Structures are given as structure tokens and as C-alpha cells.
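Colleague: So in this note's numbering, the last spot in the sequence shown is 460, and the numbers never skip.
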Amino acid sequence: MTDQTPTVPMEKIVSLAQRRGFIFPGSEIYGGLSGCWDYGPLGIELKRNIKQAWWQAMVQNRDDMVGIETSILMARQVWEASGHTERMVDPLVECKNCHLRWKADDLQGTRCPSCSGELTSPRMFNVMFKTFVGPVEDSANMVYLRPETAQGMFVNFDNVIQSIRKKLPFGIAQQGKSFRNEITTGNFIFRSREFEQMEMEYFVKPGTDDDWFNYWVQERLNWFINHGIKREHLGLSEHPKEKLAHYAKRCVDITYLFPHGWAELEGIANRTDYDLKQHSKASGKTLDYYDDETKEHYTPYVIEPAVGVDRSLLAFMCDAYAEEPDKDETRVVMHFHPALSPIKAAILPLSKKENLSAFARDVYKDLRSHLMVQYDDTQSIGRRYRRQDEVGTPYCVTVDFQSLEDKRVTIRDRDSMNQIRIPVAELLKTLTAKLEGEDLFVLPPGGEIWKVEREKKG
Ligand code: GAP
């Protein structure tokens, strides 16, 4: 954590996100709904790619993991047993003058940050959203929207064990919406009221939990680095004992240098056997594990890496953002890891002439069932490159009149701005290899280095 200067102001990310269709304020035409955000055409692609990259690392590539998807609405007893009804509370203070409400923990002084008015003494406010199941809105039918996805894994522990017969250690992973009626939201999508989480509960034999905790901190840190976040923008922050959540023996946050400063990106907690034991006690259902090697029954301990999709999307956007010299101007470029880029390649015919368009459209159609690609024939080629750089498209495929003769196209690399010319028959194979990390200058059969136009950076 050496570099204390955030790399990009939040306004630039917010402006690019809105201008280029990543993220819009929720219900914007009615003035917006505080703490709610909508994802636009490029935002949804980025979000899906982040979720896919997490799923691939956490579930698909592992033998010790399974996925699950549980309901947002859960029985009220779940939250009583887990401790959320009593403890998912924040201290709320209100200004006696302007009536703005604040989370007491976030305040530096003792007066209202907005008008310096006197504040009420704190009262505890439960951040879980309430709603009703069925047509009668009485307390018997009141339920909460889940504030975390984790409890879905605990209440299904036995269902999973019985149906898939996994041996410890193993994990259950889930992605899905969570809701918290945060007293204060802000910093764009960093803290919102409706957000998505990616959580994994890793069940281990008690006594092995400390080692598994360290393992998961390292795994999760590596995941961010492997997907393009610079190591110097990531930190680790240990929760002091007195600030641990009620269920946790230990908790380490992976922090990121957001535009508003260092803040939690992901939390890794050792939840011990707290949740399984609580649900077992409250439901009367035994939630333990039979170890057929040692012939003993015990309640597993749980290591939980929990991250927000939206919050990691913000970190990926901030870390990808760059302004770089390009000839006499400056280009804005999002250096997304190719696996996360919303669009993998753009097909750009140099002219709208019919024969060229027909050829370029065929190239586009051949690619689109394999990769998320875009066809763009508006404005100059320079402007089109800029537009694609700004949304982080790793490759532009240019189709020119010579392509009609020699059946070759030019691939331009977003980061180096180098270009190679290859036979169109090799295009899909070449793009796929490059997206998987192969060096741009490993040319396919019949390929050639076409033009190297990058101006040396300062
Ligand atoms: N099951 C444990 C749990 O939910 P948490 O630290 O409260 O732990 C985990 O949440 C992650 O979810 C956070 O690190 C953050 O990335 C994300 N998150 C939590 N509250 C959020 C909010 N109001 N808006 C956006 N993301 C949030």
C-alpha cells in the first residue's frame, strides 16, 4: 500500500460510465432512486464477464466446489437464527436542523456535516428491507429481502451434502442480489441499496481453518491481480478483534485504492461453526458432517470469501482507465483484461461501399456466434478506434478494399496500437488465441506485421 494517490477521479469514471452505456442512475427520468443503479448495454456485458470469471475460478476449475442459487426471500427465522435481526444494525443520527440522517460511524465530528446543526443521539437502525409474503400486510407475513447470499448456503448445507456427497473440505458458491437499506449510500456504485454479491462458503474440519483462511486470502488476491488489477492498488486489512462481526473469529479485507481512498473490496471471514450451529439449534435439523475416515460427526468450520459484483466492477473500471498520448492528442483507453472486456473485437470496414460492407458483414457474422463483437461503419477510422479504446475493446478488425482482393484483414491491438495483417480464414482462431493471452506477434500462417504506429510513451 505505498501509492496513496488514487489514479483517476470518480467524476471521470461516472461520466464515462453514463456516456458510453455502462451504468445509469436508477429510475433516472423520475429524478433517480437513491442507492439504485441500472446497467446499460456495455455495463451488463462487463458485469456478466466478471461473474463468469469468478464462477470459472471458484466453481468450474475446481473439484472441491459446487454452485447454488437460492431465494432472495427467506423465512424470517433464518435471520433470527443468524443474528441479523438483532445485529444487522447501524447507529443512526439525525440533524435537528436540516433533518439529514447520518451513520454515526462515518462522522468525524459531533455536528451535522452538511449544516453543522446539532445531532440527535444515535439510535440503532436495522438495514434489512422488509416486505410481505401474500396479500395480507401484517407482522405475521413480514419477511426480509436477504442482506447477504451466504445464509442460502447454510440452510441448504444438508441438501447439498445429501445430493452430491462431497467430502470435506468443499465449498458452496453463489452469486445473486442482496439488499441493504444503507443509511448513507455514495461513491457511485461503491455502496448501494440493491447490489449483487459473489460469496462462497468453504466447509473445513475444525483445526484446519486457520490454514484454509490464509489460503483463501491469497487465492482471492491473486484473482484480482490475474484479472488486471495492479498489485500496488490492492491491500490487506485485518479487522481488529473488537470490530469483528458477531459470527467471525477472524476477518481480512482485500482493500482497493478507490478514487475516494482505500476501502474494502472483498471480505474474507472465518465464520467458525457459528451459522450451522445456530440454524441447527433454531430449526431442529442436524447440520453436521460425518467423517467416514475418522468415524466421527462434527460441525464444519467455514471460511467465507465475499465480494460485491458492483464494487469489483468499479475497481476494474478504475484500474483499467488511462489517458495516453496518441499522435498529437490524448486517447482515453480502458485496459480491461480481455476476459472482462464487454466487446472482444470490433469489425470496422474502411468505407460504406456496398461490396466492402457485404464482405465486412460476413466477417462479423462469422465471429458473432463465438465472441461478443460489434460492427461499426460510422465516422472516420480514427474516431472508431478511439470509441473502441474508450470501452476497452482489445481488438479492432479493419476491412479495406485490398481485403476484397487478398482476403486479408488487419487486427489492431488496443494496448500497443500495433497492427498485423492476417488471412481472414485465420481470424477467429487468431482472435481466440490472443484473447486467451497469446502474444500478438505470434503470427498465424500467412500473417505479417502490417504497421507499428504507436508513439513511444513519455
Ligand atoms: N456474507 C458476508 C458479507 O456479506 P460484507 O462485508 O457485509 O460481508 C461482502 O459484504 C461484500 O459485499 C463487500 O466486501 C462488498 O464488496 C459487498 N457489499 C456489501 N455491502 C454493499 C453495498 N451496500 N453496496 C455494494 N456492495 C456491497
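Don't be surprised by glycine CBs; every beta carbon is placed ideally from N, CA and C. The structure presented is a predicted model; accordingly, all values stated were derived computationally and were not measured.
Between Y291 and L223, what straight-line distance do the alpha-carbon atoms span, to the nearest angstrom?
Modeller: Each residue's alpha carbon lies about 30 Å from the other.
Colleague: Quick check on S73: does DSSP put it in helix, strand or coil?
Modeller: Coil.
Colleague: State the Cα-Cα distance for the pair R233 and V335, rounded to the nearest angstrom.
Modeller: Taking the straight line from one Cα to the other gives about 20 Å.
Colleague: So S314 is in the beta strand (DSSP E); what residue range does that whole segment cover?
Modeller: That residue, S314, is in no beta strand (DSSP E); its alpha helix (DSSP H) goes V311 to A322.
Colleague: Do F172 and D66 have their C-beta atoms within less than 7 Å of each other?
Modeller: Taking 7 Å as the Cβ cut-off, F172 and D66 qualify as a contacting pair.
Colleague: CB of Q199 to nearest heavy atom of the ligand GAP: below 6 Å?
Modeller: Result yes, Cβ under 6 Å from the ligand GAP.
Colleague: Going by the CB atoms, is the gap between I191 and L316 shorter than 7 Å?
Modeller: Yes, these two residues count as a Cβ contact at 7 Å.
Colleague: Taking the alpha-carbon positions, what's the Y204 to M155 distance?
Modeller: Looking at the two C-alpha atoms, the distance is approximately 10 Å.
Colleague: Could you pull the start and end residues of the alpha helix (DSSP H) that R167 belongs to?
Modeller: Run containing R167: none; DSSP gives neither H nor E here.
Colleague: Who does L121 pair with in a DSSP beta bridge?
Modeller: BP columns for L121 point to C97.
Colleague: If we ignore side chains and look at the alpha-carbon of each, how far apart do R273 and P302 end up?
Modeller: In a straight line, the C-alpha of R273 is about 10 Å away from that of P302.
Colleague: Since L350 and R386 should fall inside the 8 Å C-beta cutoff, what is the C-beta to C-beta distance between them, to a whole number of angstroms?
Modeller: Confirmed, about 5 Å.
Colleague: Whether or not the segment 21-33 and the segment 43-55 are in contact is what I'm after, with contact meaning three or more pairs of Cβ atoms, one per stretch, closer than 8 Å; do they touch?
Modeller: Yes, they touch.
Colleague: Output the boundary residues of the alpha helix (DSSP H) element that contains I227.
Modeller: D211 to N228 is the span of the alpha helix (DSSP H), which, as asked, contains I227.
Colleague: When we look at the beta-carbon of Y32 and count the other beta-carbons within 10 Å, is it buried (16 or more) or exposed?
Modeller: Y32 is exposed by the Cβ-count criterion.
Colleague: I want to check one thing, is the minimum distance from the CB of V16 to the heavy atoms of the ligand GAP below 6 Å?
Modeller: The answer is no for V16.
Colleague: Per DSSP, what kind of secondary structure is M155 in: helix, strand or coil?
Modeller: Residue state, collapsed to three classes: helix.
Colleague: To the nearest angstrom, report how far apart E47 and S343 are at their CA atoms.
Modeller: E47 and S343: Cα-Cα distance of roughly 8 Å.
Colleague: Along the beta strand (DSSP E) that carries G237, what are the first and last residues, could you check?
Modeller: Its beta strand (DSSP E) spans residues L236 to E240.
Colleague: Three or more C-beta pairs closer than 8 Å, one from the segment 391-403 and one from the segment 411-425: is that the case here?
Modeller: The segment 391-403 is in contact with the segment 411-425.
Colleague: Cβ of G178 versus every heavy atom of the ligand GAP: is any distance shorter than 6 Å?
Modeller: Answer for G178: no, Cβ out of range of the ligand GAP.
Colleague: Determine the direct distance from the alpha carbon of I305 to that of L278, and round the result to whole angstroms.
Modeller: If I take the Cα positions, the gap works out to 13 Å.
Colleague: Rounded to the nearest angstrom, what separates E325 and P11 at their Cα positions?
Modeller: For E325 and P11, the distance between alpha carbons rounds to 12 Å.
Colleague: Give, in chain order, every unbroken run of the beta strand (DSSP E) that is at least 3 residues long and sits entirely within the segment 320-390.
Modeller: The qualifying runs are 323-328, 331-336, 347-351 and 375-377.
Colleague: Exposed or buried, what is I231 when buried is set at 16 or more other beta-carbons lying within 10 Å of its beta-carbon?
Modeller: Buried.
Colleague: Buried or exposed: which applies to R64, given that a residue is buried once 16 or more other Cβ atoms fall within 10 Å of its Cβ?
Modeller: Label assigned to R64: exposed.
Colleague: Should G286 be counted as a contact of the ligand GAP given a C-beta to heavy atom distance under 6 Å?
Modeller: Every heavy atom of the ligand GAP is 6 Å or more from the Cβ of G286, so no.
Colleague: Compute the minimum distance between the beta carbon of S36 and the heavy atoms of the ligand GAP, and state whether it is under 6 Å.
Modeller: Every heavy atom of the ligand GAP is 6 Å or more from the Cβ of S36, so no.
Colleague: Using a Cβ-Cβ cut-off of 8 Å (strictly less than) and excluding sequence neighbours within five positions of L170, which residues of its own chain qualify?
Modeller: Excluding positions up to five away in sequence, the list reads F205, V206, K207, Y291, D293 and P302.
Colleague: Which same chain residues end up closer than 8 Å to E120 when comparing Cβ atoms and leaving out the 5 residues on each side of it in sequence?
Modeller: C97, K98, N99, R113 and C114, listed in sequence order.
Colleague: Please state whether DSSP places R252 in a helix, a strand or coil.
Modeller: Looking at R252 - three-state DSSP - the assignment turns out to be strand.
Colleague: Could you give the DSSP three-state label for V10: helix, strand or coil?
Modeller: Coil, per DSSP.
Colleague: Give me the Cα-Cα distance between C123 and L102, rounded to the nearest whole angstrom.
Modeller: Strictly speaking, residue 123 in this sequence is Ser, with Cys absent from that position. Taking the straight line joining both Cα atoms gives about 14 Å.
Colleague: So for R423, helix, strand or coil by DSSP?
Modeller: Strand, per DSSP.
Colleague: The alpha helix (DSSP H) spanning T87 covers which residue range?
Modeller: Looking at the DSSP string, the run of the alpha helix (DSSP H) that includes T87 is H86 to R89.
Colleague: At 3 residues or longer, what runs of the beta strand (DSSP E) sit wholly inside the segment 274-314?
Modeller: Taking only runs of at least 3 residues, the beta strand (DSSP E) segments lying wholly in the segment 274-314 are 291-293, 298-300 and 303-310.
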